[in-house]
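Asker:
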Amino acid sequence: MSHPTAFAPLANRAFLTLWVANLLSNTGGWMASTGAAWEMTSLTQEPIFVALLAAAGTLPMFLFCFFAGILADRFDRRLYIIACQVWMMGVAATLAVLAFFGLLSHWNLLALTFCIGLGNAMNAPAWHAIVPEIVSGPQLRPAIALNSAGFNLARTVGPVVGQVLLGLVGVFLLFAINAGTYIGVIFAMSSWKRSAESRASQRREGFVEAARSGIAFVRNSGELKAVFARGLCFFTPGIAIGTLLPVIGRFELGLDEFAFGILFAAFGVGAVAAAMMMPLINRLLGPDRANIWAMGIHAAVTLVAALAMTPYVVGACVALSGACWITVIANNGASVQMILPNFMRARGMAVHQMVFFGSMVVGSLLWGKIATLLGTQAALILSAASLVPFTVLAAWIRLPRSTLPRT
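So the sequence shown is residues 1266 to 1672, counted in the numbering used here.
Laid out in structure tokens, this is it:
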């Protein structure tokens, strides 16, 4: 049997249109996120506020994602996603107006970042659920990897362009551009025609009934529990270098705006490279072992970054960190997608996102507090050390065999 290439799903016109629109939107999002992180370090030098900014964007995923999954399984997913995009466009526009008039503070920046995160939380389950409606079979895993690659390609381009514009114009322009990029997703989603079969497969359950059936499905699925447990072993201990990157760039390395953007982009470079190589990596190692290797490498590069705090070394470590993250995220996401039936897909993906972002919120706050008390270098060393036993534990928790095809 022939193996699909990394780019095979792009031959599907509907997937290509949505992928490009999402790429542009994510680029605007990363421009705004990097600008917000820089702005926060201008408003306060406390590492805990930088960690709170990261947590503000991810906490809604933990709090509201399951609720969003229920809604996405009950209502037309296309219209639902459009509504979420309109909400986020409005919040981004509000940030732009406040920045233009010099009214941003660390508190309203946190609050509006939370509102953007709320939009992402409500949008994410439906977005993940429509991917198997557009592509299926052997192309599903490459499609999920491409979505992750697009996200991280945006993470590569957005911070660099954003920091250049930040230095020339100001942070309000980054927020304004982000607001405008949601229009592309709204247009692409409006032009996509869902199949009658996909619409019919959704069950119009009552809200309480949908919640109960979703919880029961997850509780009774040992396969889902295995994937979630593997994720917890990595995301909470491994988030330190990502959370503390603004502090590392501005205060430990003393970078200017442009170099700060390059440092953020390094993560995306590594992630995109790994996504392009993922079909080969999974064919050689299998997704199970590939994830374990990624966890071990991530622990090593976190330690190296802590011990050799120079721009080039940290940049290389951040790039390798990006490659490790994309490997774990894409393989875990594909495994969950293959387990879930369509009528349960949004709720199941919502729980997956809750585990993912909930563990990152806990990790962000934990490592931010440790960095405040003991210093950034100590936090990175402790992160690397804690990943070692969790990697050993993850190796004992096998991904379900049914989710490990090498095609």
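Cβ coordinates follow ideal geometry from the N, Cα and C atoms, glycine included.
1) Considering Cα atoms alone, identify which of G1526, A1273 and D1553 is closest to V1492.
2) In three-state terms, what does DSSP make of P1606?
3) Buried or exposed for Q1618, please, with buried defined as at least 16 other CB atoms from any protein chain shown within 10 angstroms of its CB.
4) Hey, which unbroken runs of the alpha helix (DSSP H) at 4 residues or more fall wholly within the segment 1432-1514?
5) Following the continuous alpha helix (DSSP H) through P1403, name the residue where it begins and the one where it ends.
6) State the DSSP-derived secondary structure class of S1370, mapped to helix, strand or coil.
7) Helix or strand or just coil, what does DSSP make of M1574?
8) Could you have a look at D1521 and say whether DSSP puts it in helix, strand or coil?
9) Alpha carbon to alpha carbon, how far is E1522 from A1337?
10) Would you call T1668 buried or exposed, if buried means 16 or more other Cβ atoms sit within 10 Å of its Cβ?
11) Could you tell me if V1426 is buried or exposed, where buried requires 16 or more neighbouring beta carbons within 10 angstroms of its beta carbon?
12) Would you mind reading off the limits of the alpha helix (DSSP H) that contains P1654?
13) Roughly how many whole angstroms lie between the Cα atoms of T1672 and P1403?
14) Closer than 9 Å, CB to CB, is V1422 near chain B or not?
15) Does the segment 1614-1631 come within contact of the segment 1553-1565, defined as at least 3 CB pairs closer than 8 Å?
16) CB-CB under 6 Å to P1670, same chain, minus the five flanking residues each way: which ones, in chain order?
17) Which class does F1272 belong to by DSSP, given the choice of helix, strand or coil?
18) Cβ atoms of A1453 and N1287: under 9 Å apart, would you say?
19) How do the segment 1608-1617 and the segment 1321-1340 stand: do at least 3 beta-carbon pairs fall below 8 Å, yes or no?
20) Could you tell me whether the Cβ atoms of A1364 and G1435 are closer together than 9 Å?
Answerer: Taking the definition as stated:
1) Considering only alpha carbons, the answer is D1553.
2) Coil at P1606, not helix or strand.
3) Label assigned to Q1618: buried.
4) You should have 1436-1456, 1461-1466, 1472-1484, 1487-1503 and 1505-1508.
5) DSSP places P1403 in no alpha helix (DSSP H); its state is neither H nor E.
6) Judged by DSSP in its simplified three-state form, S1370 adopts coil rather than helix or strand.
7) The three-state reading of DSSP puts M1574 in coil, since its state is none of H, G, I, E or B.
8) In the three-state reduction of the DSSP assignment, D1521 falls in the coil class.
9) Distance from the CA of E1522 to the CA of A1337, rounded to the nearest whole angstrom, comes to 39 Å.
10) Here T1668 scores only 44 on pLDDT, less than 50, and its place in the model should not be relied on; the value that follows carries that caveat. With 16 or more Cβ atoms within 10 Å of its Cβ, T1668 is classed as buried.
11) V1426 is buried by the Cβ-count criterion.
12) Residues T1641 to W1661.
13) For T1672, the predicted model reports a pLDDT of 34, less than 50, meaning its position is unreliable and no value from the coordinates is stated.
14) No chain B appears in this structure, which consists of one protein chain only.
15) In short, these stretches do not touch, since the Cβ pair count stays below three.
16) At P1670, the pLDDT of 40 sits below 50, so the modelled position is not reliable; the number obtained from the coordinates is stated separately. The beta carbon of P1670 is closer than 6 Å to none in its chain, skipping five residues each way along the sequence.
17) It is coil, neither helix nor strand.
18) It is a contact, given that the beta carbons lie within the stated cut-off.
19) Judged by Cβ distances under 8 Å, the segment 1608-1617 makes contact with the segment 1321-1340, as three or more pairs qualify.
20) G1435 sits close to A1364, with the two beta carbons spaced by under 9 Å.
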